[in-house]
Amino acid sequence: MVSRTRDRFRLPRWGQRGTTGAAIPAELTFEDVVQRFGDLKALDHISLSIRPGELVCLLGHSGCGKTTLLRVAAGIESPTSGRVLMDGREVTGPHAFMAPEERGIGLMFQDYALFPHLTVLENVAFGLRALPADQVEHAARRALSRVGLDRAAAEYPHTLSGGEQQRVALARSIAPRPGVLLMDEPFSNLDRRMRDAVRDETVAILREIGATTIVVTHDPEEAMRIADRIVLMRSGMIVQHGSAEDLYLRPADLFAARFFCDFNEVESVVEGGRVSTPIGVFPAAHLPEGTAAVVCIRPQGIRLRPPGFCLPARVVSRRFLGEVDLVHLAVQGLDRPIQARLRTATPATPGHDVGVDVDPHEVLVFAALHP
Ligand code: ATP
C-alpha cells in the first residue's frame with residue numbers, strides 16, 4: 350500500500366545533517382592485484398592504497414575493470430593473484446581470505462539491489478544483523494530518517510520512485526556504519542536534474558560517516574565534483590591518479606587528456622623541440638625528436654580577433670549552449686573545423702571572416718597513442 354502521507358510527486362526532504370553517526374574508517378590497500386577471465390586481464394597488476402576516510406572515484410570507460418576491483422575489495426570475487434589489505438591486515442591473498450560479511454564493508458549497487466519482499470525498514474535492517482536485536486530497529490530508523498524516508502518505513506520498494514529507492518539503498522549501506530563503503534555507479538539511474546541534488550546530499554552523508562569510500566563512475570564531471578582523489582583506469586590498469594586539478598590540468602597522456610576535455614586535436618611531429626601546425630607552433634621539448642605528436646587545444650583556448658589579425662579563419666557555424674556559444678571555425682591548412690567555446694556576446698557570424706588566436710596555456714602536446 351502506498352502511504353497517503355507522502356506526496357508521490359515530490360521527493361521528501363533529506364533528514365538533518367550531522368545525524369548520520371560516524372564510522373571508524375579503514376585503510377584499504379590493493380597490492381599487485383591481477384584478475385584474469387580466460388585470456389582477458391580484467392585487472393592488470395593494480396596497486397593502490399586508499400587512506401582512512403578518503404573518497405576515491407574509480408573512473409573509466411565501460412569494461413576497464415572498475416566493478417571487478419570493487420568486487421575483489423568486497424570479497425565477492427577472488428583475484429587470480431595479489432593481495433587486499435584492510436588496516437594492514439590481509440583480507441584477500443595467499444595467506445587469508447575473509448568472508449565478505451566479516452570485512453565491515455558497505456555495498457551499494459547501481460540497481461540498488463533492494464529485496465522486493467521486504468519492507469523499506471526490513472531492507473535497511475538487513476545489514477544490521479550483527480547488532481543486538483533491540484538495537485536493530487533503532488539503527489535502521491535512524492538511517493532512514495537521515496535520508497528523509499522515515500515515513501516510508503512500512504512500504505515495499507516497488508511503491509517507491511527511483512530517487513527514493515536510491516535513498517533506501519544508501520540508508521542500508523550506511524546503517525551498519527561500515528569502515529569502507531563501495532558504491533558502483535550509485536547515481537547513474539537518476540535523471541539529470543535530480544542527480545546533482547542527490548549527489549551533493551549523498552556526499553554530505555559520506556563525509557558525516559567518514560568511511561573510506563570508493564565510488565565507481567564513468568562520468569569525469571561527477572568524479573571531479575565528489576572525489577578527494579580520482580583513479581583513472583584503462584584496460585585493467587591505472588593510467589593516473591590524483592586530484593581533479595592534476596588530471597584535468599596535467600593529464601598523464603593523450604587518453605587521460607581526452608577523458609576530461611573534448612580537445613581540438615592536430616597531428617604533427619616533434620622537430621627541434623617544437624611542433625608546427627597550421628594553427629601555431631608549440632613547445633614540445635618533453636618529447637623525443639621525431640615523435641608523432643598530437644597537439645590538443647581546449648575549445649576555451651581559442652580566441653577570436655578582428656579579420657586581418659592573427660590567423661585567418663572563417664566562422665562555419667554557431668550554437669547557443671546557454672553560458673557559452675559553440676563556434677566552429679575553418680582554418681586554412683586544417684582538414685576539419687576547430688571548435689571554440691566563446692562567451693555569448695562575442696561577435697561571430699557564420700560565413701564571416703575572423704582572426705584566430707590560441708591561448709598557449711590551453712594547449713597540451715602528447716605522443717600519439719599506438720592503436
Ligand atoms: P562497466 O562500466 O560497464 O560496468 P567496468 O569498468 O566495471 O565496466 P568490469 O565489469 O569490471 O568493467 O569488467 C571488466 C572486464 O572483465 C570486461 O571485459 C568484462 O566483460 C569482464 N568480466 C567481468 N566479469 C567477468 C566474469 N565473471 N567472467 C568473464 N568476464 C568478466
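Counted the way our numbering counts, the sequence shown spans residues 350 to 720. Ideal Cβ positions, reconstructed from N, Cα and C, are used throughout, including at glycine. Treat the numbers as computed from the prediction; the structure is a model and nothing was measured.
* Are there 16 or more other CB atoms within 10 angstroms of the CB of proline 527, so buried, or fewer, so exposed? -> buried
* **Near ligand 1: phenylalanine 386 beta-carbon under 7 Å from a heavy atom** => yes
* To do: Please classify threonine 378: is it buried, with 16 or more other beta-carbons within 10 angstroms of its beta-carbon, or exposed?
  => buried
* According to DSSP, which residues form a beta bridge with glycine 591? -> Ile579
* Please work out which residues of its chain come closer than 6 Å, Cβ to Cβ, to threonine 354, disregarding the five sequence neighbours upstream and downstream, and give them in chain order. => Caution applies to threonine 354, whose pLDDT of 46 falls short of 50 and renders its modelled position unreliable; the value that the coordinates give is listed next. So the list reads Arg500, once near-sequence residues are dropped.
* To do: Round the Cβ separation of cysteine 413 and arginine 583 to the nearest angstrom and send it over; I've been treating them as touching at under 8 Å.
  => 5 Å
* Rounded to the nearest angstrom, how far is the Cβ of glycine 476 from that of alanine 524, given a contact under 8 Å? -> 6 Å
* Asked: Taking three-plus beta-carbon pairs below 8 Å as touching, is the segment 615-631 in contact with the segment 591-600?
  -> no
* To do: State yes or no: is the C-beta of alanine 391 within less than 8 Å of the C-beta of glycine 585?
  => yes
* Asked: Using CA coordinates, which residue listed in His719, Val680, Met573 and Thr429 is at the minimum distance from histidine 701?
  -> Val680
* Work out the CA separation of proline 535 and proline 465 for me, nearest whole Å. => 19 Å
* Which residues are close to ligand 1, meaning CB closer than 6 Å to any heavy atom, in chain order? -> Phe386, Leu389, Ala391, Gly409, Ser411, Gly412, Cys413, Gly414, Lys415, Thr416, Thr417 and His567
* To do: Find the nearest neighbour of histidine 394 within the set Met573, Gly431, Ala689 and Phe386, judged by alpha-carbon distance.
  => Gly431
* Asked: To which residues does DSSP link methionine 543 through a beta bridge?
  -> Answer by DSSP bridge pairing: none, since methionine 543 is not bridged.
* To do: May I ask you to report which of helix, strand or coil DSSP gives phenylalanine 386?
  => strand
* Asked: If you drop the 5 nearest sequence neighbours on each side, which residues of the same chain put their C-beta closer than 8 Å to that of glycine 402?
  -> Pro374, Gly559, Ala560 and Thr561
* From the DSSP output, in three-state form, read off glycine 364 for me. => coil
* Please say whether leucine 463 and glutamine 514 have beta carbons closer to each other than 8 Å? => yes
* **Proximity below 8 Å, CB of valine 405 to CB of glycine 424** => no
* Can you tell which of Pro686, Ala697 and Thr566 has its C-alpha closest to the C-alpha of serine 411? -> Thr566
* **Neighbourhood of valine 552 by C-beta distance below 6 Å, restricted to the same chain and skipping five residues each side** => Ile575
* To do: Please report the Cβ distance between glycine 650 and alanine 633, rounded to the nearest whole angstrom; I am assuming they are in contact, meaning their Cβ atoms lie under 8 Å.
  => Between alanine 633 and glycine 650 the Cβ distance is about 16 Å, and since that is not below 8 Å, they are no contact.
* Considering only residues of the same chain and omitting the five flanking positions on each side of leucine 498, which have a CB-CB separation below 6 Å? -> Arg516
* Go through its chain and collect everything with a Cβ distance to valine 707's Cβ below 7 Å, but skip five positions before and after it. => Ile628, Gly629, Ile646, Gly650 and Ile651
* **Beta-carbon spacing of threonine 429, glutamine 384 below 8 Å** => yes
* Asked: Leaving out five residues before and five after leucine 419 in sequence, what residues of the same chain have Cβ atoms less than 7 Å from its Cβ?
  -> Leu531, Asp533, Ile563 and Val565
* Asked: Nearest CA to the CA of alanine 488: which residue from Leu470, Tyr505 and Ala448?
  -> Leu470
* Terminal residues of the continuous alpha helix (DSSP H) containing leucine 493? -> 482-495
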